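Below is one structure, written out as structure tokens; the observations come after it.
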Amino acid sequence: MFVIFFLFIYFAIWRPQNKRAREQKNMLSALAKGDEVMMAGGMIGRIAKISDQYITLTIGTNMDILMQKSSVVTVLPKGTIKSIE
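Below you can see the structure in the form of structure tokens.
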């Protein structure tokens, strides 16, 4: 009975969580200057500069902000910002 419970916990919780963490890590390591991204707060911008832990995000004309790299939720398709404006 304990083995069945352990297998359920493994396949229902641990494995999907590890998969999401691995995908997030791969996405963050693939970020490049010029990528359009959405941040955790819903802010959308274009990456102007990247360091190990931080990115500089251009959110408008002459408006750059420094954000933690880990707060990037998703990389948007090229041209998304232009289509919203």
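If you use this note's numbering, the sequence shown corresponds to residues 21 to 105, in order. Note that beta-carbon positions come from the ideal geometry of N, C-alpha and C, so glycine has one too. None of these values were measured; they are calculated from a predicted model.
(message) For a test of the three-state rule: what should DSSP assign to residue 94, helix, strand or coil?
(response) strand
(request) Classify residue 100 as helix, strand or coil using the three-state DSSP reduction. (result) helix
(message) Please report the straight-line C-alpha distance between residue 62 and residue 87, rounded to a whole angstrom.
(response) 13 Å
(message) I need the boundaries of the alpha helix (DSSP H) containing residue 29, first residue and last residue.
(response) 22 to 29
(message) Please state the DSSP three-state secondary structure of residue 43.
(response) helix
(request) Starting from residue 33, trace the beta strand (DSSP E) both ways and give me its first and last residue. (result) Looking at the DSSP string, residue 33 is not in any beta strand (DSSP E), and its letter there is neither H nor E.
(message) Since residue 51 and residue 93 should fall inside the 8 Å C-beta cutoff, what is the C-beta to C-beta distance between them, to a whole number of angstroms?
(response) Contact flag wrong, Cβ pair sits at about 12 Å.
(request) With distances taken Cα to Cα, identify the nearest neighbour of residue 80 among 24, 98, 96, 66. (result) 66
(request) Return the CA-CA distance between residue 72 and residue 90, expressed in angstroms with no decimal places. (result) 10 Å
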